[in-house]
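Mapping of the sequence shown onto the UniProt record's numbering: position 17 corresponds to residue 17, and the numbering continues sequentially without gaps.
Yeah, the Cβ is synthetic: ideal placement off N, Cα and C, and Gly gets one too.
It should be emphasised that the depicted structure is a prediction, and the values quoted were computed from it without experimental measurement.
See below for the structure under consideration.
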Amino acid sequence: MYVRVSFDTKPDLLLHLMTKEWQLELPKLLISVHGGLQNFELQPKLKQVFGKGLIKAAMTTGAWIFTGGVNTGVIRHVGDALKDHASKSRGKICTIGIAPWGIVENQEDLIGRDVVRPYQTMSNPMSKLTVLNSMHSHFILADNGTTGKYGAEVKLRRQLEKHISLQKINTSKLSHTVTTALTRKLMLNVCVSYASRRGKLKDTVGTSHPSFWASGE
Numbered sequence: 001m002y003v004r005v006s007f008d009t010k011p012d013l014l015l016h017l018m019t020k021e022w023q024l025e026l027p028k029l030l031i032s033v034h035g036g037l038q039n040f041e042l043q044p045k046l047k048q049v050f051g052k053g054l055i056k057a058a059m060t061t062g063a064w065i066f067t068g069g070v071n072t073g074v075i076r077h078v079g080d081a082l083k084d085h086a087s088k089s090r091g092k093i094c095t096i097g098i099a100p101w102g103i104v105e106n107q108e109d110l111i112g113r114d115v116v117r118p119y120q121t122m123s124n125p126m127s128k129l130t131v132l133n134s135m136h137s138h139f140i141l142a143d144n145g146t147t148g149k150y151g152a153e154v155k156l157r158r159q160l161e162k163h164i165s166l167q168k169i170n171t172s173k174l175s176h177t178v179t180t181a182l183t184r185k186l187m188l189n190v191c192v193s194y195a196s197r198r199g200k201l202k203d204t205v206g207t208s209h210p211s212f213w214a215s216g217e
């Protein structure tokens with residue numbers, strides 16, 4: 001599912017859409033994945049540890065995963081982990097890509113209201129635009145009228161994450177799988193933060209690239 005929205009859409013309206021129209025349950029944990037958009041390779045063993053850690057954290061907590069939605073950089077590795085999980089399990093993971101509408105390739109496939117359309121995920125190597133990662137379950141596409149530029153999604157995503165962290169939800173003990181798998185086994189510089197519903201950081205480890213922010217209680 002996807003929706004194209006104005007870049008200044010209020011977070012409460014977006015959350016209403018997600019819970020009422022998309023019928024998603026509020027998560028106990030929000031895993032927000034940030035990283036560079038440049039493609040890079042991971043050694044097979046490190047890639048496996050990364051994927052297993054991320055998927056286990058999401059499955060054991062009923063988390064939502066937020067990413068930039070496009071098929072580049074660290075997001076591509078998230079998509080690979082989701083693809084591997086889908087081939088082995090029926091359990092679905094709510095993975096929401098928040099991307100600027102202006103950088104999306106094959107936009108014409110996504111124009112319409114209440115329609116089902118096939119989306120072409122093959123990218124044009126000559127294009128400055130980029131395709132969405134097909135392993136995501138949902139997309140929020142922020143439009144500020146620009147083409148070929150990132151940034152329309154930044155404030156919208158930040159405000160939505162903060163708004164979700166303020167919601168009253170049934171909580172359970174958080175899994176530190178992401179912290180363990182990514183900082184100790186992958187030996188990458190990673191930041192994992194757990195925020196309460198009031199937005200206060202409970203725990204921070206490491207620095208960034210790729211950086212993972214997990215908010216919840």
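If you draw a straight line from the alpha carbon of residue i to that of residue j, how long is it in whole angstroms?
i, j, result
"Gln-38", "Val-70", "11 Å"
"Leu-29", "Leu-132", "24 Å"
"Arg-157", "Ile-111", "22 Å"
"Thr-19", "Pro-27", "10 Å"
"Val-115", "Leu-13", "21 Å"
"Ser-6", "Leu-17", "14 Å"
"Lys-47", "Gly-79", "12 Å"
"Leu-117", "Gln-107", "Checking the displayed sequence, the identity of residue 117 turns out to be Arg instead of Leu. Approximately 11 Å, taken between the alpha carbons."
"Gly-53", "Pro-100", "28 Å"
"residue 238", "Met-126", "Outside the shown range of the chain (1 to 217) lies residue 238, about which nothing can therefore be said."
"Phe-40", "Glu-21", "36 Å"
"Glu-161", "Tyr-119", "27 Å"
"Arg-90", "Ala-63", "16 Å"
"Arg-113", "Thr-121", "20 Å"
"Thr-61", "Thr-9", "28 Å"
"Asp-109", "Ala-57", "33 Å"
"Asn-144", "Gly-151", "9 Å"
"Lys-155", "Ala-142", "10 Å"
"Asn-124", "Met-1", "23 Å"
"residue 224", "Val-49", "Given that the chain is displayed from residue 1 to residue 217, the structure contains no residue 224 and the question cannot be resolved."
"Lys-128", "Ile-31", "28 Å"
So, using beta-carbon positions, are residue i and residue j closer together than 8 Å?
i, j, result
"Gly-36", "Ala-81", "no"
"Thr-130", "Glu-153", "no"
"His-163", "Leu-24", "no"
"Thr-67", "Gly-97", "yes"
"Ile-140", "Val-33", "no"
"Ile-75", "Lys-149", "no"
"Lys-88", "Ser-137", "no"
"Thr-95", "Ile-55", "no"
"Met-135", "Lys-168", "no"
"residue 221", "His-85", "Look at the range of the chain in this structure, 1 to 217, and you will see that residue 221 is not part of it."
"Gln-159", "Pro-44", "no"
Quick check on DSSP: helix, strand or coil for residue i?
i, result
"Ser-137", "coil"
"Ile-98", "strand"
"Val-74", "helix"
"Leu-129", "coil"
"Val-154", "helix"
"Asp-114", "coil"
"Asp-80", "helix"
"Asp-143", "strand"
"Ser-165", "helix"
"Ser-87", "helix"
Could you tell me if residue i is buried or exposed, where buried requires 16 or more neighbouring beta carbons within 10 angstroms of its beta carbon?
i, result
"Lys-173", "Note that Lys-173 has pLDDT 40, beneath the 50 cutoff, so the model's placement of it is unreliable and the number below is only indicative. It counts as exposed."
Original post:
Which whole runs of the alpha helix (DSSP H) in the region 26-71 are 4 residues long or more, in chain order?
Top reply: If only complete runs of 4 or more residues are kept, the region 26-71 shows the alpha helix (DSSP H) at 44-61, in order along the chain.
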